[in-house]
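Contents: one structure, followed by commentary.
6 protein chains.
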Amino acid sequence: MSRYEQFHEFRSRLNCRILGSDEARGNGVDGKPNVGATLVTKRFFTLDGQAYQDGALPRKTKELMGLVASMVLRCDDCVAYHIDQCLEIGVSDEELFEVFDVALIVGGSIVIPHLRRGVDFLDSARVARAKGRTPTCPAGGE
Amino acid sequence: MSRYEQFHEFRSRLNCRILGSDEARGNGVDGKPNVGATLVTKRFFTLDGQAYQDGALPRKTKELMGLVASMVLRCDDCVAYHIDQCLEIGVSDEELFEVFDVALIVGGSIVIPHLRRGVDFLDSARVARAKGRTPTCPAGGE
Amino acid sequence: MSRYEQFHEFRSRLNCRILGSDEARGNGVDGKPNVGATLVTKRFFTLDGQAYQDGALPRKTKELMGLVASMVLRCDDCVAYHIDQCLEIGVSDEELFEVFDVALIVGGSIVIPHLRRGVDFLDSARVARAKGRTPTCPAGGE
Amino acid sequence: MSRYEQFHEFRSRLNCRILGSDEARGNGVDGKPNVGATLVTKRFFTLDGQAYQDGALPRKTKELMGLVASMVLRCDDCVAYHIDQCLEIGVSDEELFEVFDVALIVGGSIVIPHLRRGVDFLDSARVARAKGRTPTCPAGGE
Amino acid sequence: MSRYEQFHEFRSRLNCRILGSDEARGNGVDGKPNVGATLVTKRFFTLDGQAYQDGALPRKTKELMGLVASMVLRCDDCVAYHIDQCLEIGVSDEELFEVFDVALIVGGSIVIPHLRRGVDFLDSARVARAKGRTPTCPAGGE
Amino acid sequence: MSRYEQFHEFRSRLNCRILGSDEARGNGVDGKPNVGATLVTKRFFTLDGQAYQDGALPRKTKELMGLVASMVLRCDDCVAYHIDQCLEIGVSDEELFEVFDVALIVGGSIVIPHLRRGVDFLDSARVARAKGRTPTCPAGGE
Chain S
214 MSRYEQFHEF RSRLNCRILG SDEARGNGVD GKPNVGATLV TKRFFTLDGQ
264 AYQDGALPRK TKELMGLVAS MVLRCDDCVA YHIDQCLEIG VSDEELFEVF
314 DVALIVGGSI VIPHLRRGVD FLDSARVARA KGRTPTCPAG GE
Chain E
214 MSRYEQFHEF RSRLNCRILG SDEARGNGVD GKPNVGATLV TKRFFTLDGQ
264 AYQDGALPRK TKELMGLVAS MVLRCDDCVA YHIDQCLEIG VSDEELFEVF
314 DVALIVGGSI VIPHLRRGVD FLDSARVARA KGRTPTCPAG GE
Chain Y
214 MSRYEQFHEF RSRLNCRILG SDEARGNGVD GKPNVGATLV TKRFFTLDGQ
264 AYQDGALPRK TKELMGLVAS MVLRCDDCVA YHIDQCLEIG VSDEELFEVF
314 DVALIVGGSI VIPHLRRGVD FLDSARVARA KGRTPTCPAG GE
Chain A
214 MSRYEQFHEF RSRLNCRILG SDEARGNGVD GKPNVGATLV TKRFFTLDGQ
264 AYQDGALPRK TKELMGLVAS MVLRCDDCVA YHIDQCLEIG VSDEELFEVF
314 DVALIVGGSI VIPHLRRGVD FLDSARVARA KGRTPTCPAG GE
Chain X
214 MSRYEQFHEF RSRLNCRILG SDEARGNGVD GKPNVGATLV TKRFFTLDGQ
264 AYQDGALPRK TKELMGLVAS MVLRCDDCVA YHIDQCLEIG VSDEELFEVF
314 DVALIVGGSI VIPHLRRGVD FLDSARVARA KGRTPTCPAG GE
Chain H
214 MSRYEQFHEF RSRLNCRILG SDEARGNGVD GKPNVGATLV TKRFFTLDGQ
264 AYQDGALPRK TKELMGLVAS MVLRCDDCVA YHIDQCLEIG VSDEELFEVF
314 DVALIVGGSI VIPHLRRGVD FLDSARVARA KGRTPTCPAG GE
């Protein structure tokens, strides 16, 4: 599995485990359905989706902001998620590398390893998407 | 002095102290010119300015990214600086409050006190700018 | 004004400015009502309140968790807010100093200045509360 | 090896390497015993253990505080360690998911990938513990 | 009071309040001696002092490391404390500005406001020390 | 491949991908040369190298500062990079463990997992270097 597919497989599986129906969450070692997220967590995931919708600012600007925030906070999976969303809405590589500029200047050299892994994910995502693999993520969360 | 003027006064004075000429840096207790920034620091300040210039992405998007990054990293002065830059280029309050949305969702409730101080600065800046006070910051740094 | 009163005055005023009705938000320099928080931000504030209510864990444990999280993330106003909530529900000083232990061990010496300011706020809050000053914060946010 | 066993294997091996006797630390490429932790680091590990003992607050509350602090600081191994400690003292899944609520609200969506990995570790730990595998960690550190 | 004197006054007063004898901690609103730090916190403060003593590395290198760590973690009071310790042991301004270089490059532009406040404190400390004011801090903590 | 070799392989490959010539960056799925770093990012990498050169402070002190900053910011790859640089210039294990002391005290128990992985990398690097494997990293970045 490519890095792109690994990312989506784990993310989808755990989103089901945390947010899904009794059946989707699976059973625990005691044979009963796993305990999943509370209402607070479920509402947070919903709110997370709403924050990136078109409004006074277009969704594209918001995804770029989500990406830069993920980079300066140095969260690889969040970077991967927002890069994938950016590709989904047609952001170019030239634009992405200018997002990386701002993240690097604001966040410093400590961002560099996350930049490397972000570019590695970007290449993996471009390949997967060219092959028509654009997994629809189950709703919820970065 | 309003919060807006305090911000600019301190920022300008210290930028001179750190980046300025021998004269601008002032003398130390030994009567000699204060030691100021090295070439590395000076170049970093220059690079910081270049990262927000129009390119594949417009300056406006980059300022919004700078603002969201400053909020999730919880740096009040950086938030103030980028809000001021946003006003300079005509960003509306509706747009700013959507930047705050993304910062709050990505960064969590820990961002709230910085949101309060950011809005307080915004109000102070709108008043100062309506009166024609738009201090030209000496080049350099958030 | 004591540190305790300053904290509540600023917090209340800005919560009104951000979350309040047209009237409570006040008018901007253009004479129109200030733009305030979006629905996303308002819902986040509501969710923030819900996360600390009694459930499988009692509210007291959640407030202690909110306090320790605020200390390791080094947010003075969040620390002040949670200390005040802890006093509201009868947490003792002995218990608070054990929360400080965990925060110090997890977060390191970088937490110490926030510990000092937290204890200073605690003393100020005990005095204000003994005098019967226990301002009801307008709903919303740390 | 499951995620649970991998976690404990690496943690135990490195704790020996860092804190252990000459023999336990092993030899370096020069054939001499590896250099290990100083007294300062050893004392810090001891202090780390003491911070979670019963006092004015019970150990359970302190472990929950350790877990929430680890989540908002986004340290996967610290999250795994505190989840395992919570299982050891009988914390329920319903309680754990309310700790996740507080972490998510305080720390924001950047916490989500750590929540996913935390739940994945939780499931792995429940399985291992049901099989009677509850490795006694060598003393020391999160 | 200068920034330098304010820093030391608050630090000394709160160190007494937290770490001091019954008398030094003062009485609370109930007329009883204030509750102070636990043994865990007291031992942590002691350990904090030990970490900067001469060893395989000289104290000077350790103070410079403490300063750079404080800058990238963006803790103004920690920066002030370590700058003051650096002056105590004769670190030059040229050396300090190279510490600032590393902090700026590692930590990014988000460090800049802390750099400004650090240089402002440095100037204040040089003046106070030239006048013979070098307050002996009560033992304990950054 | 050892941890040491994996680290260098990924770092070298991605540095080429990001900073290299058209040929070194490789072609994308569209058959055209991959888009690489902008001038801002390239200049930042250059500046990153300059910050650690001999000056008022020797390179060794700067590498130790880079290491401690990487540890308190909890970036495993940055820790690995600076440990490798330290070995390159002859820093002893006794000195490294005193850097770890300062990082642990400043950054707290949250640093412990990074300490474990740092020591694991150190052992891997000592073995690789004893065998004569000291890969020259392509210029650029932590």
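Note that the protein sequences, when read in sequence, are chains S, E, Y, A, X and H.
Throughout the first sequence, residue numbering follows the working numbering, covering 214 to 355 in sequence.
Throughout the second sequence, residue numbering follows the working numbering, covering 214 to 355 in sequence.
Throughout the third sequence, residue numbering follows the working numbering, covering 214 to 355 in sequence.
Throughout the fourth sequence, residue numbering follows the working numbering, covering 214 to 355 in sequence.
Throughout the fifth sequence, residue numbering follows the working numbering, covering 214 to 355 in sequence.
Throughout the sixth sequence, residue numbering follows the working numbering, covering 214 to 355 in sequence.
Virtual Cβ for every residue (Gly too), placed ideally from N, Cα, C.
query	result
DSSP-derived helix/strand/coil call for Y/Asn-228	helix
DSSP three-state assignment for S/Pro-246, whether helix, strand or coil	strand
CA nearest to the CA of X/Ser-215, picked from X/Phe-334, X/Ala-343, X/Asn-247	X/Phe-334
Same chain only: Cβ atoms within 7 Å of E/Gly-241, ignoring 5 sequence neighbours per side	Asn-247
Beta-carbon contacts of Y/Asp-297 that lie in its chain and below 6 Å, excluding the five residues immediately before and after	Ala-338
Under 8 Å between C-beta atoms of A/Val-332 and S/Arg-230	yes
Residues in the segment 252-269 of chain H having any Cβ partner in chain S nearer than 7 Å	Val-253, Thr-254, Phe-257, Asp-261
Length of the line joining the Cα atoms of A/Glu-308 and H/Phe-257	46 Å
Alpha-carbon to alpha-carbon, Y/Cys-288 and Y/Ile-323	12 Å
Exposure label - X/Glu-222; buried when at least 16 CB within 10 Å	exposed
Given X/Tyr-217 as reference, the closest of X/Cys-299, X/Glu-236, X/Tyr-294, X/Ala-237 once Cα atoms are compared	X/Tyr-294
Nearest candidate by alpha-carbon position, reference X/Ala-264, set H/Val-281, H/Leu-270, H/Arg-226, H/Cys-291	H/Val-281
Under 8 Å between C-beta atoms of X/Gly-320 and X/Val-292	no
Length of the line joining the Cα atoms of H/Arg-226 and S/Ala-250	40 Å
Min CB distance H/Ser-305 to chain X below 8 Å	yes
Beta-carbon neighbours of S/Arg-339, restricted to chain H and to distances below 8 Å	Gly-241, Val-242
Cross-chain neighbours of H/Asp-314 in chain X, by beta carbon under 7 Å	Ala-264
N- and C-terminal bounds of the alpha helix (DSSP H) containing Y/Leu-286	That residue, Y/Leu-286, is in no alpha helix (DSSP H); it is neither H nor E in DSSP.
Short Cβ contact (8 Å threshold) for Y/Ile-318 with A/Asp-261	yes
Cα-Cα separation, X/Gly-244 to Y/Arg-346	19 Å
Cβ-Cβ distance between A/Lys-273 and A/Val-304 below 8 Å	yes
Close beta carbons around A/Lys-255, own chain, < 7 Å, minus the five adjacent residues each side	Leu-232
Rounded C-alpha distance that separates X/Arg-238 from E/Ile-302	53 Å
Ranges of the alpha helix (DSSP H) found wholly within the segment 296-330 of chain A, counting only runs of at least 4	306-320
Beta-carbon spacing of S/Val-253, E/Lys-275 below 8 Å	no
Nearest-angstrom Cα separation, counted from Y/Pro-271 out to S/Glu-236	29 Å
Supposed close pair S/Leu-277, S/Arg-342 - CB separation, criterion 8 Å	About 19 Å; that fails the 8 Å criterion.
For E/Gly-268, the nearest candidate out of S/Phe-310, S/Arg-329, S/Arg-224, S/Phe-220 (CA to CA)	S/Phe-310
Cβ of Y/Val-281 within 8 Å of any chain A Cβ	yes
Interface flag, A/Ala-237 vs chain S, CB-CB below 8 Å	no
7 Å Cβ cut-off: residues of chain S touching E/Leu-277	Thr-274, Met-278
Cβ-based burial, E/Ser-234 [other Cβ within 10 Å; buried from 16]	exposed
Separation of X/Gly-279 from X/Thr-259, as counted between CA atoms	16 Å
Residues that X/Leu-286 contacts on chain H, provided the C-beta gap is smaller than 8 Å	Val-285, Leu-286, Val-319, Gly-320
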